[in-house]
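The sequence shown begins at 308 in this note's numbering and counts up one residue at a time. Here's the structure we're looking at; comments come further down.
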Amino acid sequence: MKTAMYALIKKDFRGVASNRRLFSALLIVPLVLTIILPSIFLVTIHFVPDNPDFANLLSLLPEAAGMESLELTLSSMILNYILPVFFMMIPIMTASIMAASAFVGEKERHTLETLLYCPLTLKQIFQAKVWASFLLSMVVSLISFTAMLLVMETELFFLMGKLILPSVNWLVVMLLLSPAISLIAVTLIVRGSAKAQSVEESQQSAVFLILPLILLIAGQFTGVLLMNVWILLGLGIVCVALAWILLQKSMGRFTYEKLLQ
């Protein structure tokens, strides 16, 4: 990767960091999904252990996942079955913030012509925009995972006197599935940003990417589709292949005419 591509990636990072509205949006979604919601789940499990809905949740778990108490079993389900799906959503939400303004933002700031004069081909500019959004989503996901684990384990220790180790599901999600989904989202949104007339219009495509994940989350709670490591692994492989195909096709069809129209 050329020095000019690194410079373009740094410019996009600085643009997000200096924009309070965008930077706040980066914090709000991960905060709600990884800190606030898990804390609500744990407090509810601890103080309302006899809720009949909890019995339904327990019936979804395999026998091997049972632990020494109802509270710990339910907490383990939340940590290892429910929360991993949230980390498929966070990269899309994060990536959409920067990727949506990748080119349409340059148009709105009247800097697109200057960008096209830089010593990079159009393909390299597209790659730099994709890498900037992808790296941002991965950084936010890693920080969110670390913060979630620290907060949740601390709450588990003080509420229940025990710690719960993350399952192997998390390895598949964080190392394979989450990056693949992020790259799919970034590629589609950056490509759409070149055609959009406003950042808001470009961000609308992210909504359609989130809908399947909402169905997955619903499936986790209802037991229609309880994600185990093999399902996650298979889904991850499919997403990696799809991300590679989309990236190659998007770069091949990216032209100056489409960008300047």
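Ideal Cβ placement from N, Cα and C applies to all residues, glycine included.
Across the structure, LEU334 and ALA454 are spaced so that their CA atoms are roughly 12 Å apart. The DSSP-derived three-state label of THR351 is helix. Around the beta carbon of VAL350, fewer than 16 other beta carbons lie within 10 angstroms, which makes this residue exposed.
Contact between ILE404 and VAL323 holds, since their C-beta atoms are separated by about 7 Å, short of 8 Å. Looking at the backbone, the Cα of ALA435 and that of VAL475 are separated by about 32 Å.
Nearest in C-alpha terms to ASP319, of all of TRP537, TRP438, VAL458 and TRP551, is TRP438. Take GLY543, set aside five residues on each side of it, and the residues of its chain with a beta-carbon closer than 7 Å to its own are VAL479, LEU483, LEU484 and ALA487, in chain order. The C-alpha of MET467 lies about 11 Å from the C-alpha of MET459.
In the three-state reduction of the DSSP assignment, ILE471 falls in the coil class, being assigned neither a helical nor a strand state. Ranking ILE399, LEU377 and ILE552 by CA distance to the CA of PHE354 puts LEU377 first. In this structure VAL447 is in contact with ILE397, their Cβ atoms being roughly 7 Å apart against a cut-off of 8 Å.
By a beta-carbon distance limit of 8 Å, PRO426 does not contact ALA314. Their separation comes to about 10 Å. Excluding sequence positions up to five before and after LYS469, its CB lies within less than 7 Å of the CB of LEU379 and LEU463, all in the same chain and listed in chain order. Under a 10 Å Cβ-count criterion, SER325 is classified as exposed, with fewer than 16 other Cβ atoms of the shown protein chains found around its own Cβ.
Looking at ALA332, LYS309, TYR388 and ARG328, the one whose alpha-carbon comes closest to that of PRO345 is TYR388. The beta carbons of ALA402 and ALA492 sit closer together than 7 Å.
DSSP places LYS309 in the coil class of the three-state scheme, outside both helix and strand.
SER451 counts as buried, since no fewer than 16 other beta carbons sit within 10 angstroms of its beta carbon. In the three-state DSSP reduction, LEU427 falls in the coil class, being neither helix nor strand.
Residue environment: THR421 is assigned as exposed (fewer than 16 neighbouring CB atoms within 10 Å of its CB, all protein chains considered).
At the C-beta level, PHE441 and LEU490 come within 7 Å of one another. The beta carbon of THR341 sits closer than 6 Å to those of SER451 and MET455, all from its chain and outside the five residues before and after it, given in chain order. With contacts defined as CB atoms closer than 7 Å, ILE352 and LEU381 qualify as a contacting pair. When rounded, the separation of the alpha-carbon atoms in LEU329 and VAL536 is 34 Å.
Following the DSSP letters along the chain, one finds MET384 inside the alpha helix (DSSP H) bounded by residues 377-384.
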